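Let me begin by presenting the structure, written as structure tokens, before commenting on it.
In our numbering, the protein residues as written are 32 to 370.
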């Protein structure tokens, strides 16, 4: 890891190569304007117009565009580096002129990073590639849901955070359903040859969610207890609502952990039962052949005087005796319900 204070060069550390794309929503209580561009200059004149600004930056490949956006809104260089660091830990950070939130979310099972920067009259959102995470919000702004357009920028921040927690809630609900289905399958059969891989896959999903949601829950306390002028008292209930959703997600994650632990125990138990069943069958086969092996051993000792060896019906009689003994032993096991 290089010392990031020895260079002014910005480097995007992620693997996503989505071209940088900007989507601007500027709104007032009376109107909404939307603009899209691949660079900052075409939409920059809109920043001087009145109204609240929400600028979405999709794709961080063009680091110079990211730098221009951040410079336009007075974002510090270290924060720019945080935005372009795809593996940055989740955090909430209060600055003099803006709030920074770095969080994780999931798209198609892939973990991605989102950075939110909220100032007095703007919110910037940076995502590594195109994502439907915030797709419902522009429509809510157009429809002025809950007087959206009359509220300050921290309300928009709370709505964006709510979308992130909703992303967690959707995935934890799906994970919970898959765990229930697997548990039902384990209880209905002892054939669990494919179950080990399924448990590992579910455990991986659980750990991803845990590593995303728990740090955000812990960091979110900074927002709840902040006395920043950027966070208005009348918006606090919306931040509390986000916190409630986060707490619910964390509780569900804890429940999933317990369910996973139970599934592992059940899987091991089923494996033991299957192994016991195999050993039981092998024992039955061995027990059936013990008396047969004894008879064959006796007849193979080559004593000179063994009358049955000279008997005309000795060979079929030997077969009949062995089959009869084997059948009797099998029936005894069957009667004792050893199958």
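No residue lacks a Cβ here, since even glycine has one placed at the ideal position from N, Cα and C.
The structure displayed is predicted, hence computed values, not measured ones.
Collapsing the DSSP output to three states places residue 134 in a strand. The residue among 78, 178, 95, 153 with its C-alpha nearest the C-alpha of residue 130 is 153. One Cα belongs to residue 79, the other to residue 284, and the distance between them is close to 45 Å. Collapsing the DSSP output to three states places residue 266 in a helix. For residue 87, same chain residues with a beta-carbon under 6 Å away, outside a window of 5 residues either side, are 54, 156 in chain order. In the three-state reduction of the DSSP assignment, residue 62 falls in the coil class, being assigned neither a helical nor a strand state.
Secondary-structure assignment with DSSP links residue 68 through a beta bridge to 53. Here residue 173 has 63 as same chain residues with Cβ atoms under 7 Å from its own Cβ, once five neighbours each way along the sequence are excluded. Within the same chain, 131 come within 7 Å of residue 124 by CB-CB distance, once the 5 residues on both sides are set aside. When the Cα atoms are used, residue 353 and residue 315 turn out to be separated by approximately 16 Å. For residue 124, the secondary structure class from DSSP, reduced to helix, strand or coil, is strand. Ranked by Cα distance from residue 185, the first of 239, 74, 270, 356 is 270.
One Cα belongs to residue 228, the other to residue 56, and the distance between them is close to 45 Å. Each residue's CA atom was taken as its position, placing residue 166 and residue 175 some 15 Å apart. Short of 6 Å from the beta carbon of residue 158, and not among the five residues preceding or following it, lie these beta carbons of its own chain, in chain order: 89, 145. In the DSSP annotation of this structure, the continuous segment of the beta strand (DSSP E) that includes residue 85 starts and ends at 83 to 89. Each residue's CA atom was taken as its position, placing residue 114 and residue 239 some 20 Å apart. In the three-state DSSP reduction, residue 159 falls in the coil class, being neither helix nor strand. Straight through space, the alpha carbons of residue 147 and residue 137 are spaced by roughly 16 Å. Residue 245 has its alpha-carbon roughly 11 Å from the corresponding atom of residue 196. In the structure shown, the three-state DSSP call for residue 142 is strand.
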